[in-house]
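Undergrad: With positions in the sequence shown counted from 1, the corresponding number in the numbering used here is that position plus 242.
All C-beta atoms in this analysis are idealised placements derived from N, C-alpha and C, irrespective of residue type, glycine included.
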Amino acid sequence: MDDALTEPEIMALTAGHMQAAAGIRRVALWQRLPWLPDGHTPEEEEQYWRMHLLLNCTILGAAMGNRLVGVIAYGDNWIEQLYVLPGFQGMGIGSSLLRCAKEEMNEIRLWTFQRNTGARAFYERHGFTAEEETDGADNEEREPDVLYHWRRLPELTLRLQPSGG
243 MDDALTEPEI MALTAGHMQA AAGIRRVALW QRLPWLPDGH TPEEEEQYWR MHLLLNCTIL
303 GAAMGNRLVG VIAYGDNWIE QLYVLPGFQG MGIGSSLLRC AKEEMNEIRL WTFQRNTGAR
363 AFYERHGFTA EEETDGADNE EREPDVLYHW RRLPELTLRL QPSGG
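#1: Opposite residue 393 in the DSSP bridges: which residues?
#2: Do you know how far the Cα of residue 366 is from the Cα of residue 341?
#3: Answer yes or no: does any C-beta atom of chain B fall closer than 9 Å to that of residue 278?
#4: Given this structure, state the Cα-to-Cα distance separating residue 383 from residue 398, to the nearest angstrom.
#5: In the DSSP output, which residue or residues are listed as bridge partners for residue 320?
#6: Do residue 302 and residue 254 come within 9 Å of each other at the CB atom, strictly closer than that value?
#7: Closer than 8 Å is the cut-off here; do at least three beta carbon pairs connect the region 300 to 319 with the region 251 to 268?
#8: Output the distance between the C-alpha atoms of residue 348 and residue 300, rounded to the nearest integer angstrom.
#9: Can you round the beta-carbon distance between residue 251 and residue 305 to whole angstroms, since I take them to be within the 8 Å contact cut?
#10: For the alpha helix (DSSP H) containing residue 271, list its first residue and its last residue.
#11: Using beta-carbon positions only, say whether residue 432 and residue 343 come within less than 9 Å of one another.
#12: What is the rounded straight-line gap between the Cα of residue 370 and the Cα of residue 353?
#13: For residue 279, collect the residues of the same chain with a Cβ closer than 7 Å to its Cβ; drop the 5 residues on either side in sequence, then sort them by chain order.
In structure tokens, the structure reads:
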């Protein structure tokens with residue numbers, strides 16, 4: 243199999259990518275959690291990506307060929323968004339995007355819904371621990387969620403000490 247077809251290209255996204263990024267979020271989220279209320283139009287979601295996330299976060303995309311299949315928005319020790327299209331999940335794309343965020347931040351927090359067992363397992367496999375669970379009263383969807391946290395471990399440096407004598 244050709245590696246070019248299996249390894250995603252990770253790239254910085256621009257305003258021209260925001261419609262596709264918002265679409266990935268929409269498809270991935272509602273495929274995984276179809277009971278969530280659909281509180282925003284696709285146009286409103288694109289505006290959120292363009293006017294809020296693009297201005298305040300690093301946004302990277304994962305492309306397979308000419309198709310954007312995954313996105314991550316992060317900054318200030320938070321992951322705001324991380325989604326991979328359903329047909330491309332389980333291929334390491336989310337892990338590649340998460341690795342980029344981990345390279346730039348020493349600690350990360352993020353929210354995910356309690357019932358999103360796939361996302362919870364993904365983050366736990368990558369060293370995140372649950373810090374807090376809520377009843378969802380403070381989020382737009384009114385869906386119970388969980389706060390995850392990851393912290394880079396300090397690097398262990400072994401030094402050989404000359405023996406005194």
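TA: Put simply:
#1: 349
#2: One C-alpha to the other measures close to 14 Å.
#3: Reference to chain B is not applicable here, since this structure consists of a single protein chain.
#4: Looking at the backbone, the Cα of residue 383 and that of residue 398 are separated by about 43 Å.
#5: 317 and 351
#6: Against a cut-off of 9 Å, the Cβ pair of residue 302 and residue 254 comes out as a contact.
#7: yes
#8: 15 Å
#9: 5 Å
#10: 260 to 274
#11: This structure leaves residue 432 out entirely; the chain is present only between 243 and 407.
#12: A direct Cα-Cα distance of roughly 11 Å separates residue 370 from residue 353.
#13: The residues are 383.
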